[in-house]
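Residue numbers (the numbering used here): 81 to 472. Report on the following structure.
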């Protein structure tokens with residue numbers, strides 16, 4: 081959807097049409113655009129919504145209301161993941177509860193699935209199934225098979241506890257609007273495929289605080305800075321950090337001492353690894369074992385220079401290595417009719433004797449760059465050449 085935003089204090093600034101959810105690569109540009117209109121505060125609701133375009137109809141109630149851009153973006157991300165049933169539950173319960181405030185709308189996204197909404201009375205079995213799933217948070221197929229779904233639906237309808245809304249007849253099933261979002265610290269939520277979730281809070285808060293702002297790496301430096309401000313952190317030294325849901329290769333995780341790493345170094349590493357294919361991430365894991373890096377920045381340099389490593393996945397012996405190099409590496413014109421004449425083990429051993437390489441759980445990895453591995457992993461490495469050596 082899109083939100084048309086304006087500055088109520090300065091209507092002469094015109095409007096900005098913002099795509100929601102805000103694409104990761106567009107976030108800084110959006111904040112810069114709003115900043116030029118003296119909008120986009122970290123926590124204040126300073127953006128007047130002139131119009132919501134293409135969103136759920138219920139969001140029209142946000143028009144002419146002041147919102148915070150990050151809250152609005154978060155709500156859009158939550159709603160973007162909803163199927164048509166959840167969208168009906170959210171909209172119908174927003175009507176029933178009279179929710180208008182952004183904080184309550186966000187909290188409603190976490191509990192609206194408990195409600196039952198009937199949009200079509202012609203299929204009683206479907207109504208009964210939907211009701212059981214809603215009140216139980218899911219049901220096994222065996223449970224549904226053992227239940228008279230038509231009777232379940234009829235009891236619900238005849239209870240006269242439903243509320244008619246433009247989005248269907250809704251039964252709240254005792255739903256309570258709990259405070260998952262406190263109005264400042266946006267709850268953890270994976271919207272896009274990220275590499276690492278990072279929770280930050282001020283050290284002025286107790287260690288078991290729930291006042292945590294979540295960042296999802298990779299993100300922009302601006303998102304990190306705004307996350308710190310949302311948690312009231314002015315000095316990185318006064319920041320407490322939690323790390324969860326890492327998608328780094330296990331070999332990378334084994335090296336990193338997350339609490340000792342710079343958040344910015346981890347973010348740069350996440351951005352680099354996310355660009356790698358699944359095959360190259362596996363290759364990076366093997367390169368990490370070979371090179372023995374000690375920190376995030378060194379691992380990032382390895383990831384940026386993977387073309388200087390030769391990797392034979394799933395290879396465990398010299399014979400398998402020789403066979404891989406001759407048949408699959410692309411360095412030779414392999415003729416399967418001559419297969420019995422190839423001495424794969426001898427060739428594999430011959431290559432290994434000339435290389436700086438090793439077998440790992442993922443396969444055989446070798447380094448062929450002109451710099452030492454220590455130099456390759458240094459900050460700001462010089463331009464590196466590439467040297468494979470002659471093939472025999």
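Note that CB positions come from ideal geometry on N, CA and C, so glycine has one too. Bear in mind that the values here come from a model prediction, so they are computed numbers and not experimental data.
Do residue j and residue i come within 8 Å of each other at the CB atom, strictly closer than that value?
i           : j           : result
residue 289 : residue 307 : no
residue 146 : residue 117 : no
residue 447 : residue 389 : yes
residue 176 : residue 252 : yes
residue 277 : residue 268 : yes
residue 160 : residue 99  : no
residue 356 : residue 383 : yes
residue 310 : residue 265 : yes
residue 231 : residue 283 : no
residue 539 : residue 328 : Any question about residue 539 goes unanswered here, given that the chain covers just 81 to 472.
residue 108 : residue 300 : yes
residue 207 : residue 233 : yes
residue 250 : residue 195 : yes
residue 424 : residue 403 : yes
residue 179 : residue 247 : no
residue 453 : residue 366 : no
residue 151 : residue 186 : yes
residue 124 : residue 148 : yes
residue 85  : residue 127 : yes
residue 77  : residue 437 : The structure shown has nothing for residue 77, since the chain only spans 81 to 472.
residue 297 : residue 321 : no
residue 191 : residue 255 : yes
Any idea which residues DSSP pairs residue i with across the strands?
i           : result
residue 147 : 127
residue 98  : 83
residue 390 : 446
residue 320 : 281
residue 439 : 444
residue 133 : 82
residue 297 : 276
residue 248 : 245
residue 189 : Beta-bridge pairing links residue 189 to no other residue.
residue 335 : Looking at the DSSP assignment, residue 335 forms no beta bridge with any residue, so it has no partner.
Using the C-alpha atoms, what's the distance from residue j back to residue i?
i           : j           : result
residue 171 : residue 82  : 18 Å
residue 471 : residue 393 : Confidence at residue 471 is low in this model, with a pLDDT of 29, below 50, so its placement is unreliable and the value that follows should be read with caution. Using only the alpha carbons, I get a separation of about 20 Å.
residue 218 : residue 210 : 9 Å
residue 336 : residue 129 : 44 Å
residue 91  : residue 119 : 12 Å
residue 466 : residue 111 : Residue placement at residue 466 is poorly supported in this model, since its pLDDT is 36, which falls under 50; the coordinates still yield a value, given next. Spanning the two alpha carbons is a distance of roughly 42 Å.
residue 373 : residue 316 : 25 Å
residue 156 : residue 104 : 14 Å
residue 183 : residue 122 : 15 Å
residue 314 : residue 325 : 26 Å
residue 405 : residue 411 : 7 Å
residue 272 : residue 351 : 13 Å
residue 193 : residue 114 : 34 Å
residue 229 : residue 205 : 5 Å
residue 89  : residue 304 : 29 Å
residue 165 : residue 334 : 42 Å
residue 459 : residue 377 : 7 Å
residue 469 : residue 285 : Because residue 469 sits at a pLDDT of 34, beneath the cut-off of 50, its placement in the model cannot be relied upon, and the following sentence gives the value as read from the coordinates. Rounded to the nearest angstrom, the two C-alpha atoms are 58 Å apart.
residue 363 : residue 134 : 43 Å
residue 143 : residue 173 : 19 Å
residue 141 : residue 245 : 15 Å
residue 341 : residue 375 : 7 Å
residue 274 : residue 199 : 36 Å
residue 457 : residue 331 : 16 Å
residue 295 : residue 132 : 26 Å
residue 94  : residue 280 : 36 Å
residue 201 : residue 154 : 34 Å
For the alpha helix (DSSP H) holding residue i, just list the boundary residues, first then last.
i           : result
residue 178 : Careful: residue 178 lies outside any alpha helix (DSSP H) and carries neither H nor E.
residue 213 : 204-216
residue 369 : 358-371
residue 237 : 229-238
residue 455 : 453-456
residue 117 : Element bounds for residue 117: n/a, residue is neither H nor E.
residue 348 : 343-354
residue 398 : 398-407
residue 89  : From DSSP, residue 89 is part of no alpha helix (DSSP H); its letter is neither H nor E.
residue 384 : 376-384
residue 433 : 424-434
residue 257 : Note, residue 257: premise wrong, no alpha helix (DSSP H); not H, not E.
residue 222 : 221-225
Run the proximity test for residue i: is its beta-carbon closer than 7 Å to any non-hydrogen atom belonging to the ligand GTP?
i           : result
residue 161 : With respect to small molecules bound, the structure shown includes none, and the ligand GTP cannot be examined in it.
Just to confirm the assignment, what range does the beta strand (DSSP E) spanning residue i have?
i           : result
residue 198 : 196-198
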